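Student: Heads up: the sequence shown begins at 11 in the numbering used here, then just goes up one per residue. I have a structure I would like to understand better, so I am pasting it below and will then ask my questions one at a time.
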Amino acid sequence: MKQLEAVIFDLDGVITDSAHFHYLAWKQLAADIDIEIDEAFNETLKGISRMDSLDLILAKGGREKDFTLEQKEELAAKKNAHYVELLKDLSAADILPGIKPLLAAIRAANLKIALASVSKNAPMVLAALGLTDSFDYLADAAKITHSKPDPEIFLVAAAGLGVEPANAVGIEDAQAGVEAIKSAGMKAIGVGTGLVGTDELVSDTSKLTLAMIQKVFQI
Ligand code: G6P
Ligand code: MG
Numbered sequence: 011m012k013q014l015e016a017v018i019f020d021l022d023g024v025i026t027d028s029a030h031f032h033y034l035a036w037k038q039l040a041a042d043i044d045i046e047i048d049e050a051f052n053e054t055l056k057g058i059s060r061m062d063s064l065d066l067i068l069a070k071g072g073r074e075k076d077f078t079l080e081q082k083e084e085l086a087a088k089k090n091a092h093y094v095e096l097l098k099d100l101s102a103a104d105i106l107p108g109i110k111p112l113l114a115a116i117r118a119a120n121l122k123i124a125l126a127s128v129s130k131n132a133p134m135v136l137a138a139l140g141l142t143d144s145f146d147y148l149a150d151a152a153k154i155t156h157s158k159p160d161p162e163i164f165l166v167a168a169a170g171l172g173v174e175p176a177n178a179v180g181i182e183d184a185q186a187g188v189e190a191i192k193s194a195g196m197k198a199i200g201v202g203t204g205l206v207g208t209d210e211l212v213s214d215t216s217k218l219t220l221a222m223i224q225k226v227f228q229i
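In structure tokens, the structure reads:
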């Protein structure tokens, strides 16, 4: 029987504004190799793994053939070092509006909560926010072979919770993420503007409520 059993969250841009730090770190890395990226291009990187993001940036600059795999790994490590540096002061004060009460309400309703982020930094980010214990399951980005828009990470999150994908709702701020949720067979709530194919779209996280999630599930 169809019944809401779980809510599966993206991390960057949904739980905290780390999406902006990913952008700043990529922008700096790209500038180091004479490629300019802007916020519009950055939208195409959201939900995309570190190496796939680097490939998109190199392609944008027409430099996809200029680096060996080893050099690309160094570039990706450099981006990550910028990113981790930007996160050094991350704390519970950086949890986006409405998220903490939402997580509490979901748990109080006996629903399960998972994280579906392809970021290898996700466990560290959740720990810095003091939210690790609010999640029942974290899908392991290191074991994922396809980034969003592939449904893999959402399917792994649902399986980790022991829940059928059709009994879960996913929450995302990226177009690739919305597509991943829908391909996984879940209802999708989008956060932000310009996302297409969502079952519900809110302008920011303060508008997310359990009642809305329950309503979206019934669509
Ligand atoms: C998320 C973010 C992306 C990021 C990816 C990998 O999907 O939306 O911007 O590139 O995670 O993150 P990582 O921390 O592993 O480099
Ligand atoms: Mg995101």
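Ideal placement from N, C-alpha and C gives every residue a C-beta, glycine not left out. Note that the coordinates shown come from a computational prediction; the quantities given were computed from them, not determined experimentally.
So A178 is in the alpha helix (DSSP H); what residue range does that whole segment cover?
Tutor: If you number the sequence shown from 1, residue 178 lands on position 168. It is not in any alpha helix (DSSP H) - A178 instead sits in the beta strand (DSSP E) that spans 178-182.
Student: Would you identify the three-state DSSP class for E174, choosing helix, strand or coil?
Tutor: As a working mapping, residue 174 is identified with position 164 in the sequence shown. Three-state result, E174: coil.
Student: Where the beta carbon is closer than 5 Å to any heavy atom of the ligand MG, which residues qualify, in chain order?
Tutor: This criterion selects D20, D22, G23, D183, A184.
Student: Just list the beta strand (DSSP E) runs in the segment 33-111, keeping only unbroken ones of 3 residues or longer that don't cross its boundaries, in chain order.
Tutor: List check, beta strand (DSSP E) in window: nothing returned.
Student: Taking 7 Å as the cut-off, is the C-beta of A194 nearer than that to any heavy atom in the ligand GTP?
Tutor: Inclusion of the ligand GTP in the displayed structure is not the case, the ligand content consisting of the ligand G6P and the ligand MG alone.
Student: Considering only their Cβ atoms, is the gap separating Y93 from H156 smaller than 8 Å?
Tutor: Position 146 of the sequence shown, counted from the first residue, corresponds to residue 156. Position 83 of the sequence shown, counted from the first residue, corresponds to residue 93. In this structure, Y93 does not lie closer than 8 Å to H156 by Cβ.
Student: Here's the rule I'm using: 16 or more other beta-carbon atoms within 10 Å means buried, otherwise exposed. How should A221 be labelled?
Tutor: Locating residue 221 in the sequence shown gives position 211, counting from the first residue. By the 10 Å Cβ count, A221 comes out exposed.
Student: Check whether the Cβ of K88 sits closer than 7 Å to any heavy atom of the ligand G6P, and report yes or no.
Tutor: In the sequence shown, the residue the question calls residue 88 occupies position 78. No, since every heavy atom of the ligand G6P falls outside the 7 Å radius drawn around the Cβ of K88.
Student: Leaving out the 5 sequence neighbours to the left and right, which residues in its chain are closer than 7 Å to K122 when beta-carbon positions are compared?
Tutor: As a first step, residue 122 is located in the sequence shown; it is residue number 112 there, counting from the start. Answer for K122: E15, A16, D146, L171, V173, listed in chain order.
Student: Taking the Cβ atom as the reference point for each residue, do I181 and D20 lie within a distance shorter than 8 Å?
Tutor: One-based indexing of the sequence shown puts residue 181 at position 171. One-based indexing of the sequence shown puts residue 20 at position 10. Yes, they are a contact pair.
Student: Just list the residues that DSSP pairs D22 with in beta bridges.
Tutor: The residue given as residue 22 occupies position 12 in the sequence shown. D22 is bridged to T26.
Student: Which first and last residues belong to the beta strand (DSSP E) in which I199 is found?
Tutor: The residue given as residue 199 occupies position 189 in the sequence shown. Where I199 is concerned, the enclosing beta strand (DSSP E) stretches over 197-201.
Student: In whole angstroms, what is the alpha-carbon distance linking G200 and L34?
Tutor: Counting from one through the sequence shown, the residue named residue 200 turns up at place 190. Counting from one through the sequence shown, the residue named residue 34 turns up at place 24. If you take the alpha carbons of G200 and L34, they lie about 23 Å apart.
Student: Is the beta carbon of K153 within less than 7 Å of some heavy atom of the ligand G6P?
Tutor: By one-based count along the sequence shown, residue 153 stands at place 143. No, the beta carbon of K153 sits no closer than 7 Å to any heavy atom of the ligand G6P.
Student: With a 10 Å radius around its C-beta and 16 neighbouring C-beta atoms as the bar for buried, classify L79 as buried or exposed.
Tutor: For the purposes of this step, residue 79 is taken as residue 69 along the sequence shown, with counting starting at 1. With fewer than 16 Cβ atoms within 10 Å of its Cβ, L79 is classed as exposed.
Student: Between F227 and the rest of its own chain, which residues show a CB-CB distance below 7 Å, the 5 nearest in sequence each way excluded?
Tutor: What you label residue 227 is simply residue 217 of the sequence shown in a count that begins at 1. Contacts found: L14, V179, K197.
Student: Measuring only the C-alpha atoms, how far is H30 from Q38?
Tutor: The count along the sequence shown starts at 1 and reaches residue 30 at position 20. The count along the sequence shown starts at 1 and reaches residue 38 at position 28. Their Cα atoms are separated by approximately 13 Å.
Student: Are the beta-carbon atoms belonging to I43 and F164 less than 8 Å from one another?
Tutor: Counting from 1 along the sequence shown, the entry for residue 43 is found at position 33. Counting from 1 along the sequence shown, the entry for residue 164 is found at position 154. Cβ atoms of I43 and F164: not closer than 8 Å.
Student: Quick one: is the Cβ of S130 within less than 7 Å of any heavy atom of the ligand G6P?
Tutor: As a working note, residue 130 is residue 120 in the sequence shown. Per the sequence shown, residue 130 should be read as Lys rather than Ser. Checking the Cβ of K130 against the ligand G6P gives yes.
Student: Checking the sheet assignment: what are the DSSP bridge partners for A149?
Tutor: Residue mapping note: residue 149 aligns to position 139 of the sequence shown, counting from 1. In the DSSP output, where bridge partners are listed per residue, A149 has none listed.
Student: Check whether the segment 183-190 and the segment 130-141 are in contact - that is, three or more C-beta pairs closer than 8 Å.
Tutor: No, the segment 183-190 does not touch the segment 130-141.
Student: DSSP state of A132, grouped into three classes?
Tutor: Taking the first residue of the sequence shown as position 1, residue 132 is located at position 122. If DSSP states are grouped into helix, strand and coil, A132 belongs with the helices.
Student: Considering Cα atoms alone, identify which of L106, D27, N177, E49 is closest to Q224.
Tutor: Against the sequence shown, residue 224 aligns to sequence position 214. The candidate whose alpha carbon is nearest that of Q224 is N177.
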